[in-house]
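Participant:
In my numbering, the protein residues as written are 6 to 516.
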């Protein structure tokens with residue numbers, strides 16, 4: 006790393022919801038910036054107005070905020086190098102494109118869509134090894150390199166629609182050092198003359214990206230692997246502008262792969278396998294189709310960020326649980342992998358479980374109370390806190406709490422037939438009736454006293470533990486699940502325990 010101030014940017018296009026791969030790119034940029042006392046910039050790259058989706062920009066900003074990724078400079082924050090939305094900067098790009106023409110590094114191309122299609126068909130019919138607009142084909146097209154100066158001037162005077170293309174040199178080896186990939190070599194004969202400035206007056210990604218990175222003094226470009234093919238062009242653009250000495254360092258992150266490991270992770274994979282691929286829920290403004298989000302699925306932002314950080318990177322140790330602050334101190338771009346990172350949704354749940362069990366019971370209880378309120382169940386916070394303490398080890402999400410604890414709030418309406426068949430014997434009603442009598446006489450109805458009473462009961466009657474405790478649980482819960490049956494009994498109280506015992510004795514019939 007050189008001695009420049011570290012300045013990185015996350016530059017998404019507002020063409021829809023932010024994929025978790027994009028969130029990971031933002032996260033790695035943020036971690037690198039904070040590790041090196043640098044700045045994290047959010048820049049919205051909306052040069053392709055035809056793909057602009059209403060609400061996408063706000064969604065991107067809300068997603069980063071939910072993740073705890075603090076923006077130092079951006080649309081809302083401002084900063085010394087704004088505006089931070091490319092459509093608000095469009096006036097300056099034309100000048101830079103013209104500078105490239107004047108220096109002989111770009112040219113006007115007046116070709117119509119029909120002429121471009123005819124070129125492709127001709128090259129295809131000729132079975133040419135080169136079927137693109139480049140140094141070998143541009144002389145036969147309608148551009149300022151093939152036309153005379155007078156013809157070019159007339160086209161411009163007549164306002165013939167044009168684009169500005171980069172003039173790729175012939176047979177030049179472009180060599181770039183990538184922090185993650187190592188040495189990248191590409192021959193210019195493999196590259197086409199990319200459009201830099203479109204006929205609608207907007208720059209393409211390539212021009213705007215390079216110009217903005219230079220003007221914003223970006224020191225490191227950390228982006229997805231899909232941009233690796235653009236790297237040679239961008240390096241050549243820096244050279245063409247005379248900015249070679251100040252160009253940023255590059256790092257291209259590995260792809261996020263499907264759970265199978267074959268191909269890039271997509272929304273379709275999430276839909277098919279039942280998990281989100283977006284950080285927040287998204288409603289398509291045109292179709293009203295709703296796509297699930299990690300936030301709405303009950304993930305904590307800390308667990309989501311922790312999970313993302315370990316997709317394609319690890320600190321070189323066995324440790325897996327990292328807060329955002331921890332990640333900031335240990336993150337190292339040199340330890341990002343080249344190979345794609347296979348997404349594992351079950352592992353994502355595991356991360357959420359790890360964060361859930363260490364959260365304060367009071368906080369979890371407040372969240373659970375929202376679920377109970379929807380079910381029109383009114384109970385004291387202190388009661389819910391005790392329940393949460395008992396069940397959270399069994400849950401991945403707060404939304405799992407109800408299935409793990411519904412029996413604390415309502416007596417069984419029916420009883421599990423499989424448990425009855427296995428645990429309910431002919432003499433079980435008699436055994437439970439005897440137990441009920443003894444429990445009724447117990448003054449201090451807590452777990453400790455119940456345990457002592459039941460131990461004496463078992464020894465005195467010579468019953469086995471399973472003969473008593475399994476059907477006892479069945480009467481209280483209706484199934485064989487849940488925490489210790491004595492903990493359940495203590496929490497629901499003496500009278501409710503006796504009522505449920507009697508209801509079980511009366512209603513459970515072995516078939």
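Where a beta carbon is used, it is the ideal one built from N, C-alpha and C, also for glycine.
None of the values given here were measured: they were computed from a predicted structure.
Among the candidates 250, 330, 451, whose CA atom is the shortest distance from the CA of residue 8?
Facilitator: Translated into positions along the chain shown, residue 8 becomes position 3. Ranking the options by Cα distance to residue 8, first place goes to 250.
Participant: State the Cα-Cα distance for the pair residue 293 and residue 272, rounded to the nearest angstrom.
Facilitator: Taking the chain shown and counting its residues from 1, one reaches residue 293 at position 288. Taking the chain shown and counting its residues from 1, one reaches residue 272 at position 267. Near 16 Å, if we compare the C-alpha coordinates of residue 272 and residue 293.
Participant: Quick one: which unbroken beta strand (DSSP E) runs of 3-plus residues sit fully inside the region 103-187? Chain order, please.
Facilitator: Look at the region 103-187 and you find these whole runs of beta strand (DSSP E), each 3 residues long or longer: 111-114, 168-171, 178-183.
Participant: For the beta strand (DSSP E) that contains residue 255, what are its first and last residues?
Facilitator: The residue given as residue 255 occupies position 250 in the chain shown. First-last of the beta strand (DSSP E) with residue 255: 254-258.
Participant: Are there 16 or more other CB atoms within 10 angstroms of the CB of residue 339, so buried, or fewer, so exposed?
Facilitator: Locating residue 339 in the chain shown gives position 334, where the first residue counts as 1. That one is exposed.
Participant: Decide if residue 180 is buried, meaning its Cβ has at least 16 other Cβ atoms within 10 Å, or exposed.
Facilitator: Here residue 180 refers to the residue found at position 175 of the chain shown. Classification for residue 180: exposed.
Participant: So the candidates are 222, 351, 332; which of them puts its Cα closest to the Cα of residue 278?
Facilitator: The residue given as residue 278 occupies position 273 in the chain shown. For residue 278, the nearest C-alpha among the options comes from 351.
Participant: Return helix, strand or coil for residue 288, following the three-state DSSP convention.
Facilitator: Along the chain shown, read from residue 1 onward, the residue named residue 288 stands at position 283. In this structure, residue 288 counts as strand in the three-state DSSP scheme.
Participant: Under 8 Å by Cβ, that's how I've got residue 49 and residue 90 pegged, so tell me the actual separation to the nearest angstrom.
Facilitator: Along the chain shown, one-based indexing puts residue 49 at 44. Along the chain shown, one-based indexing puts residue 90 at 85. About 5 Å; that satisfies the 8 Å criterion.
Participant: For residue 434, which residues in the same chain have their Cβ closer than 6 Å to its Cβ, ignoring the five residues on either side in sequence?
Facilitator: Within the chain shown, residue 434 is the residue found at index 429, counting from 1. Closer than 6 Å at the Cβ level, and outside the excluded window around residue 434, lie 510.
Participant: Residue 95 to residue 209, Cα distance in whole Å?
Facilitator: Counting from one through the chain shown, the residue named residue 95 turns up at place 90. Counting from one through the chain shown, the residue named residue 209 turns up at place 204. Cα to Cα, residue 95 sits roughly 11 Å from residue 209.
Participant: Suppose only complete runs of 4+ residues qualify. What are the alpha helix (DSSP H) ranges in the region 355-426, listed by chain order?
Facilitator: The region 355-426 contains these whole alpha helix (DSSP H) runs: 366-379, 386-396, 406-410.
Participant: Counting C-beta neighbours from all protein chains within 10 Å, is the total for residue 322 16 or more, i.e. buried, or is it exposed?
Facilitator: Translated into positions along the chain shown, residue 322 becomes position 317. Exposed, since its Cβ has fewer than 16 Cβ neighbours within 10 Å.
Participant: Can you tell me which of the three DSSP states residue 464 falls into?
Facilitator: Start at 1 with the first residue of the chain shown, and residue 464 comes out as number 459. Three-state result, residue 464: helix.
Participant: How far does the alpha helix (DSSP H) with residue 297 in it reach, from first residue to last?
Facilitator: Counting from 1 along the chain shown, the entry for residue 297 is found at position 292. Note, residue 297: premise wrong, no alpha helix (DSSP H); not H, not E.
Participant: Could you check which residue in 488, 128, 79, 185 has the C-alpha nearest to that of residue 341?
Facilitator: Counting from 1 along the chain shown, the entry for residue 341 is found at position 336. Comparing Cα-Cα distances from residue 341 to each of 488, 128, 79, 185, the minimum goes to 185.
Participant: Evaluate the contact criterion for the region 8-20 versus the region 216-236: three or more CB pairs, one atom per stretch, below 8 Å.
Facilitator: yes
Participant: If you follow the alpha helix (DSSP H) that residue 273 is in, where does it begin and where does it stop?
Facilitator: Translated into the one-based positions of the chain shown, residue 273 becomes position 268. Unbroken alpha helix (DSSP H) run through residue 273: 272-278.
Participant: Could you have a look at residue 429 and say whether DSSP puts it in helix, strand or coil?
Facilitator: In the chain shown, counting from the first residue as 1, residue 429 sits at position 424. In this structure, residue 429 counts as coil in the three-state DSSP scheme.
Participant: What residues are listed by DSSP as bridge partners for residue 227?
Facilitator: Counted from its first residue, the chain shown places residue 227 at position 222. The partner list for residue 227 (beta bridge, DSSP) reads 256.
Participant: Along the chain, where does the beta strand (DSSP E) containing residue 44 start, and where does it finish?
Facilitator: Numbered from 1 along the chain shown, position 39 holds the residue referred to as residue 44. First-last of the beta strand (DSSP E) with residue 44: 44-47.
Participant: Based on Cα-Cα distance, which residue from 55, 387, 402 lies nearest to residue 205?
Facilitator: Locating residue 205 in the chain shown gives position 200, counting from the first residue. Taking only the C-alpha atoms, the option nearest residue 205 is 55.
Participant: Pairing CB atoms from the region 465-479 with CB atoms from the region 422-436, are three or more of them under 8 Å?
Facilitator: yes
Participant: Buried or exposed for residue 176, going by 16 or more other Cβ atoms inside 10 Å?
Facilitator: Numbered from its first residue, the chain shown carries residue 176 at position 171. The residue in question, residue 176, is exposed, as its Cβ has fewer than 16 Cβ neighbours within 10 Å.
Participant: Please report the straight-line C-alpha distance between residue 222 and residue 212, rounded to a whole angstrom.
Facilitator: Locating residue 222 in the chain shown gives position 217, where the first residue counts as 1. Locating residue 212 in the chain shown gives position 207, where the first residue counts as 1. Spanning the two alpha carbons is a distance of roughly 15 Å.
Participant: Since residue 13 is in the beta strand (DSSP E), which residue starts that stretch and which ends it?
Facilitator: Within the chain shown, numbered from 1, the residue matching residue 13 stands at position 8. Residue 13 -> beta strand (DSSP E) spans 12-15.
Participant: Could you tell me the distance, in whole angstroms, from the CA atom of residue 289 to the CA atom of residue 459?
Facilitator: Residue mapping note: residue 289 aligns to position 284 of the chain shown, counting from 1. Residue mapping note: residue 459 aligns to position 454 of the chain shown, counting from 1. Cα-Cα distance, rounded: 59 Å.
Participant: By the three-class DSSP mapping on this structure, what secondary structure does residue 82 have?
Facilitator: Here residue 82 is taken as the residue at index 77 of the chain shown, counted from 1. Residue 82 falls in the coil class under three-state DSSP.
Participant: Could you check whether the region 160-174 touches the region 194-202, counting it as contact only if at least three pairs of C-beta atoms, one from each stretch, sit closer than 8 Å?
Facilitator: yes
Participant: Taking the alpha carbon of residue 508 as the reference point, which residue from 483, 490, 491, 497 has its own alpha carbon closest?
Facilitator: Along the chain shown, one-based indexing puts residue 508 at 503. Of the listed residues, the one whose Cα sits closest to residue 508 is 483.
Participant: My understanding is that residue 411 touches residue 393, with C-beta atoms under 8 Å, so please give their C-beta distance in whole angstroms.
Facilitator: In the chain shown, residue 411 corresponds to position 406, counting from 1. In the chain shown, residue 393 corresponds to position 388, counting from 1. About 14 Å separates the two Cβ atoms, so there is no contact after all.
Participant: If you measure between the beta carbons of residue 297 and residue 320, is that distance less than 9 Å?
Facilitator: For the purposes of this step, residue 297 is identified with residue 292 of the chain shown, where counting begins at 1. For the purposes of this step, residue 320 is identified with residue 315 of the chain shown, where counting begins at 1. No.
Participant: Could you work out which residue in 69, 164, 232, 87 is closest to residue 284 when comparing CA atoms only?
Facilitator: Translated into positions along the chain shown, residue 284 becomes position 279. The option with the nearest alpha carbon to residue 284 is 69.
Participant: For the alpha helix (DSSP H) containing residue 477, list its first residue and its last residue.
Facilitator: The residue labelled residue 477 in the question sits at position 472 within the chain shown. From DSSP, the alpha helix (DSSP H) with residue 477 extends over 470-482.
Participant: Which value, in whole angstroms, describes the spacing of the CA atoms of residue 191 and residue 310?
Facilitator: Sequence index remark: in the chain shown, residue 191 carries index 186 (1-based). Sequence index remark: in the chain shown, residue 310 carries index 305 (1-based). Cα to Cα, residue 191 sits roughly 35 Å from residue 310.
Participant: Quick one, which of 416, 436, 466 has its alpha-carbon nearest residue 493's?
Facilitator: By 1-based counting over the chain shown, the position of residue 493 is 488. When only C-alpha atoms are compared, the closest one is 416.
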